[in-house]
Amino acid sequence: MNLFTGTRRRGGTAGGKGSRSVLRALAAAATVAAMAVSVTSATATAAPAAIPPGLSCDTGKHAIDEYTGFALCRNNGSQTQTFWVHLVCGWAPDVDGNHVTLRPGESGQSTAHCGKIGTGIGEIHVRP
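The opening residue of the sequence shown carries number 1255 in my numbering; numbering runs sequentially from there.
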């Protein structure tokens, strides 16, 4: 049986309706499994990382350059903290920004730039 045209070869044995239904069931199961894997992997990467305790941060893309991202943070805690921005860059490698150390009450900014061969910034995270 030719699976693409549904015709039988001469001299061969016919599988009948039973084999067709088995093939259809296998194809349907493979399709569902492939869709489940792609949906699961997409949702797993979409969850953003939490901002480190004691910091309040605003993140975003540069107003003119969509490949540059930033994290502007203020240390509201009682201890000195270091942070940096981490950009998920699509097709280009992910990048980390400059490490910024803040004493209590201070503010600072970390910036990073995705490579132009990529699709731009997909996610922005603040790392301790």
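Built from N, CA and C at the ideal position, the CB exists for glycine as well.
Keep in mind that this is a model prediction, so the values were computed, not measured.
Could you check what DSSP says for arginine 1357 in three-state terms: helix, strand or coil? By 1-based counting over the sequence shown, the position of residue 1357 is 103. Arginine 1357: coil per DSSP, three-state reduction.
Practice problem: Using three-state DSSP, classify histidine 1316 as helix, strand or coil. | Solution: Residue numbering aside, residue 1316 sits at position 62 when the sequence shown is read from its first letter. Histidine 1316: coil per DSSP, three-state reduction.
*Work out the CA separation of glutamate 1360 and glycine 1351 for me, nearest whole Å.*
Against the sequence shown, residue 1351 aligns to sequence position 97. Against the sequence shown, residue 1360 aligns to sequence position 106. Each residue's Cα considered, the two are about 18 angstroms apart.
*Can you give the Cα-Cα distance for tryptophan 1345 and leucine 1326, rounded to whole angstroms?*
Sequence index remark: in the sequence shown, residue 1345 carries index 91 (1-based). Sequence index remark: in the sequence shown, residue 1326 carries index 72 (1-based). If you take the alpha carbons of tryptophan 1345 and leucine 1326, they lie about 25 angstroms apart.
Could you pull the start and end residues of the beta strand (DSSP E) that glutamine 1335 belongs to?
-> Walking along the sequence shown from the start, residue 1335 turns up at place 81. Glutamine 1335 -> beta strand (DSSP E) spans 1335-1342.
| query | What are the residues that DSSP puts in a beta bridge with serine 1364? | reply | Against the sequence shown, residue 1364 aligns to sequence position 110. Answer by DSSP bridge pairing, in chain order: Ala1325.
**Prompt:** Is tryptophan 1350 helix, strand or coil when you go by DSSP?
**Reply:** Taking the first residue of the sequence shown as position 1, residue 1350 is located at position 96. Strictly speaking, residue 1350 in this sequence is aspartate, with tryptophan absent from that position. Strand.
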